[in-house]
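Everything on this sheet refers to the single structure shown next.
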Amino acid sequence: MYADWLNKILLSNTDSVLCCGWCNRPVDENAALTSASATYCSELCFSQSRRATFKKNKTCDWCRHVRHTVSYVDFQDGASQLQFCSDKCLNQYKMHIFCRETRAHLELHPHLHTEETSSTGGNLITPDLWLRNCTSPENNRSPSPTQGKFLERNHNRLLPYL
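Put into structure tokens, the structure is as follows:
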């Protein structure tokens with residue numbers, strides 16, 4: 000189920016789709032309401048956006064819900080300051096960015112994607128996928144006796160085995 004959801008996000012191309020400036024849903028070009036700053040899918044989205052702008056209410060940068068400014072979660076993304084109404088929205092935003100970067104990485108290395116799916120039968124993205132062709136010949140030596148031994152503790156965090 001998670002793999003299907005991830006593939007849907009990775010394979011979707013939203014660059015050519017016109018999205019609502021309030022709810023971020025796809026907008027039919029024939030039914031769109033256009034203002035100077037954005038395009039909206041309905042009168043309701045337009046009026047909610049306008050009301051939030053004039054009342055100077057803060058909207059979540061992910062779900063677009065209007066929330067009280069005290070409960071916002073701030074996040075610095077490059078040069079822009081984003082505000083989210085909850086940790087859940089922040090985590091969904093981070094997952095969206097991860098999926099977008101993963102898709103870009105797979106497009107740069109299509110041979111990695113085809114090898115991975117043909118050898119395992121699945122579409123799992125693992126550190127091995129990222130680092131497979133990034134090792135130098137001197138790093139391909141056999142590992143030392145302590146390398147590669149880990150214990151799983153504390154919610155799947157890997158700790159070195161001593």
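Residue numbering for the sequence shown follows numbering that gives the first Met the number 0, starting at 0 and increasing by one per position. Ideal placement from N, C-alpha and C gives every residue a C-beta, glycine not left out. Model, not experiment: these values are computed from the prediction.
Asked: Exposed unless 16 or more other CB atoms sit within 10 angstroms - verdict on F45; Found: buried
Asked: Inter-residue spacing [alpha-carbon to alpha-carbon] between A35 and S48; Found: 13 angstroms
Asked: Reduced DSSP secondary structure (H/G/I, E/B, other) of D60; Found: coil
Asked: Distance between N23 and H64 (C-alpha atoms, nearest Å); Found: 11 angstroms
Asked: For D60 and V72, believed in contact at Cβ under 8 angstroms, the rounded distance; Found: Wrong, their Cβ atoms sit about 10 angstroms apart, outside the cutoff.
Asked: Close beta carbons around A37, own chain, < 6 angstroms, minus the five adjacent residues each side; Found: G20
Asked: Distance cut-off 8 angstroms: H108 Cβ against heavy atoms of the ligand FAD; Found: Only the bare structure without any ligand can be found here, which leaves the ligand FAD out of the picture.
Asked: Through-space distance from C98 to T52, alpha-carbon basis; Found: 30 angstroms
Asked: Identity of the residues DSSP links to L16 by a beta bridge; Found: For the record, residue 16 in the displayed sequence is Val; it is not Leu. Answer by DSSP bridge pairing: none, since V16 is not bridged.
Asked: Beta-carbon separation (whole angstroms), C40 vs C62, contact threshold 8 angstroms; Found: About 15 angstroms separates the two Cβ atoms, so there is no contact after all.
Asked: Terminal residues of the beta strand (DSSP E) in which D73 lies; Found: 72 to 76
Asked: Nearest candidate by alpha-carbon position, reference D76, set I96, T58, A30; Found: I96
Asked: Burial state of V16, where buried means 16 or more other Cβ atoms lie within 10 Å; Found: exposed
Asked: Backbone CA spacing between K57 and F74 [nearest angstrom]; Found: 14 angstroms
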